[in-house]
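Numbering (the numbering used here), first residue to last: -19 to 206.
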């Protein structure tokens, strides 16, 4: 009987688990199935992750590396590349990889050794804070995407750079007005403003910690796997 063709998703999970211990620093697996992420620990106010996405037209796909800030609202597994790269963004590197083919492990290893950590290091929390304030200072209709200004309330609290109340109230109103916004997102920012007004930075920081953990749980990313 012919061997069943290997699944790219299963191969990604196998390679991620196998290569994790070869990487400098502490790495873990988070998430399940095809949404498995290889995460650089510790997870504080940034989730630094590597993932794989398969093409809809072949068994090949792409490796991704990105940073998800955790002092802002996020929903679902973090697949946004606003603060990251896809492997075909790397000059001189392969444009895609078929994880079911021989040699795929070397491609993954090279990506994990160079482009991934370089991407993580490009986006420290302080840079998010600076970018968010610069974006916030512009008129709202000129802020464009990514919407850095939505990071301003949380970054102000975590970095202890000022009150989050005004930008948080603006963000709450924005998510009620914006056609793609949700009441849940609006409530997140309103809750942050309320927490700061009720108990200053300490209470706002506790609020952000609580919401961060809840969102990681909802995205199935709270528990590390070895």
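Heads up, the beta-carbon is just placed ideally off N, CA and C, and yes, glycines get one too.
Tell me, which residues are paired with residue 53 by DSSP?
-> Bridge partners of residue 53: none, in fact.
Spatial neighbours of residue 78 within its chain, please: CB distance less than 8 Å, with the 5 preceding and 5 following residues excluded, ordered by chain position.
-> Closer than 8 Å at Cβ, skipping near neighbours: -12, 38, 39, 40, 41, 84.
Where do the N-terminal and C-terminal ends of the alpha helix (DSSP H) with residue -14 fall, by residue?
-> It is not in any alpha helix (DSSP H) - residue -14 carries neither H nor E in the DSSP assignment.
Note down the Cα distance separating residue -17 from residue 60, rounded to an integer number of angstroms.
-> For residue -17, the pLDDT reaches just 45, beneath the cut-off of 50, and the residue's location in the model is therefore unreliable, although a value from the coordinates is still provided. Taking the straight line from one Cα to the other gives about 36 Å.
Going straight from the alpha carbon of residue 110 to that of residue 81, what length do you get?
-> Between residue 110 and residue 81, the C-alpha separation is close to 43 Å.
Over what stretch of residues does the alpha helix (DSSP H) that includes residue 137 continue unbroken?
-> Residue 137 -> alpha helix (DSSP H) spans 132 to 139.
Taking the alpha-carbon positions, what's the residue 133 to residue 69 distance?
-> Going by the C-alpha atoms only, they are around 31 Å apart.
Residues near residue 64 by beta carbon distance below 7 Å, same chain, minus five either side = These residues qualify, in order along the chain: 44, 45, 46, 47, 99.
Using only the heavy atoms of the ligand SAH, determine whether one of them is closer than 7 Å to the beta carbon of residue 100.
-> This structure lacks the ligand SAH, and indeed carries no ligand of any kind.
Reducing DSSP to helix, strand and coil, say where residue 129 ends up.
-> Helix at residue 129.
Run through DSSP, which three-state label would residue 183 get?
-> Note: residue 183 maps to helix in three-state DSSP.
What whole-angstrom Cβ distance do residue 26 and residue 4 have, given they're in contact under 8 Å?
-> Incorrect: roughly 18 Å between the Cβ atoms, too far for contact.
Over the uninterrupted alpha helix (DSSP H) stretch that includes residue 145, give me the two end residues.
-> Where residue 145 is concerned, the enclosing alpha helix (DSSP H) stretches over 145 to 157.
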